[in-house]
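Taking it in order: structure first as structure tokens, then the write-up.
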Amino acid sequence: MKNSNDGKHSISRRTLLTVSGAALAAPALSRLAYAQDKKVIRISTPAANEEWQAKGLMKFKEQVEANAPSLEVQVHLNATLFDQGTEIAAMQRGNLEVGMISPQDVASYIPEYSVFTAGYLLRDADHLHKVYDDSDVATEYRGRVSKEMDVTILGSQYLGTRHVILRKAKEIKTPADLGGLKLRVPGSDTWQFLGRALGANPTPIAFDEVYLALSTGTVDGLENPIADMIAAKFYEVSEQLVLTGHMVAPLFFAMSNSFWNGLTDDEKKVVGDAVAAQAKYVDDETLGTEADGRNLLESKGLKVTTPDLDAFRTHVQGVYLESDYAKDWPKGLLERINAL
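If you read the sequence shown in the numbering used here, its first letter stands for residue 17, the second for the next number, and so on.
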């Protein structure tokens, strides 16, 4: 006898599989659509995993994603996404949302802002934030960067005071004592000028290649904050730390204008708060590391010396003031920075 469910009311195995497959696929498709709806913030930095900057960026990611489900943050360390110095161009092309950039990067686009790259310009971390975050100077600086570079500076952080570390110990009292030494610097012209102002022979090498360059003698040393020296373990391939203190180093959290302008007000608030929290974390940890850094490096076997700082300061500032860079500096800007 024919079952009453046969015929038009029967469900074929093929139909059942099709329906079941669609049901199983629905959640996956929903998740895919959800992921596609998210706005992705890709961050590129040369920082290594153990640097405070890198750890701070992971905290930024956690805070943003916890408070703005519409945003996803991807942190790319060790310059794995874009080489150091190419982040601004990548943001301008729309290939990157956030780059961690320096005043030297800015000066390569706005030459008269090379004043912000001068040695012995900033006094300490507090002065740094007055100049770049809490003053008319900061407002003007950020405005020009946005207009001429198509990126928005959302905040600055203290990367530390830069000193010189050498693979072989040498008596260093004045800039003349650095003469002939190959000193690693980042690749931009303003960084190389700083190396020359210190009296050395500047040698541009990517940060992730510095450890090997020190160990093989490709360079004789580099200039960097103590926290970075410790995180990158440069003490393993060096013998001496020279406390030149030639630069209080800021770093900017910069976002492409097109991406920033595409965020809602609520999303901007979440991002801005996370940038501020990340900067405070980096500041606090860097200052703490510096306080103990000298003793730590000495315990690792480095000879720690202090040169004639007046000789270094006078020489470096004189080189800058007599350079073509100074001819382009906006009138009165240096005095305004010093007055903050």
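Don't be surprised by glycine CBs; every beta carbon is placed ideally from N, CA and C.
CB of residue i within 8 angstroms of CB of residue j, strictly
| i | j | result |
| --- | --- | --- |
| D121 | A222 | no |
| V320 | R310 | yes |
| L257 | I188 | no |
| P191 | G159 | no |
| G241 | A265 | With the sequence shown as reference, residue 241 is identified as Pro, and Gly is not the correct amino acid for it. Their beta carbons are under 8 angstroms apart, which means P241 touches A265 by this criterion. |
| Q125 | V332 | Gln is not the amino acid found at residue 125; the sequence shown has Tyr there. It is not a contact, given that the beta carbons lie outside the stated cut-off. |
| L238 | R212 | no |
| Y251 | L313 | yes |
| L87 | N65 | no |
| L267 | S118 | yes |
| W276 | T155 | no |
| T305 | L259 | no |
| L349 | V131 | yes |
| Y174 | L144 | yes |
| E128 | D340 | no |
| S231 | D166 | no |
| Q294 | G72 | yes |
| F76 | V235 | no |
| V153 | I353 | yes |
| L303 | A141 | yes |
| K186 | L356 | no |
| G220 | G195 | According to the sequence shown, residue 220 is Pro rather than Gly. Going by C-beta atoms, P220 is not nearer than 8 angstroms to G195. |
Residue i, buried or exposed, once every other Cβ within 10 Å from all chains shown has been counted against 16
| i | result |
| --- | --- |
| R178 | buried |
| R109 | exposed |
| G101 | buried |
| T133 | buried |
| Q90 | exposed |
| D149 | buried |
| A225 | Just to set this straight, residue 225 is Glu in the shown sequence, not Ala. It counts as exposed. |
| S254 | buried |
| E164 | exposed |
| L325 | exposed |
| D53 | exposed |
| D244 | buried |
| G317 | exposed |
| E420 | Residue 420 is absent from the model: the chain starts at 17 and stops at 356. |
| E113 | buried |
| K184 | exposed |
| E78 | exposed |
| S60 | buried |
| A70 | buried |
| S315 | exposed |
| E103 | buried |
| T96 | exposed |
| V286 | buried |
| G176 | buried |
Residue i in three-state terms, based on DSSP
| i | result |
| --- | --- |
| F268 | strand |
| E88 | strand |
| P346 | coil |
| V180 | strand |
| N217 | strand |
| I353 | helix |
| Q238 | This sequence places Leu at residue 238; Gln is not what is there. Looking at L238 - three-state DSSP - the assignment turns out to be strand. |
| T168 | strand |
| A44 | Below a pLDDT of 50, predicted positions are generally treated as unreliable, and A44, at 46, falls in that range; no measurement from the model is reported. |
| I188 | coil |
| K54 | coil |
| G195 | coil |
| G233 | coil |
| D150 | coil |
| A248 | coil |
| E225 | helix |
| S339 | coil |
| E67 | coil |
One or two residues paired with residue i in a DSSP bridge
| i | result |
| --- | --- |
| Q208 | Answer by DSSP bridge pairing: none, since Q208 is not bridged. |
| Y174 | P266 |
| L257 | I181 and V320 |
| R139 | Partner(s): none; R139 has no beta bridge. |
| S60 | H92 and G115 |
| L144 | In DSSP, L144 forms no bridge with anything. |
| R200 | T219 and L238 |
To test your reading of the DSSP string, which unbroken beta strand (DSSP E) runs of 3 or more residues are found completely within the segment 270–326? Runs of the beta strand (DSSP E) inside the segment 270–326: 319–321.
Task: Whole beta strand (DSSP E) elements within the segment 70–137, 3-residue minimum - done: Those beta strand (DSSP E) runs which fall completely within the segment 70–137 and span 3+ residues are 87–92 and 114–117.
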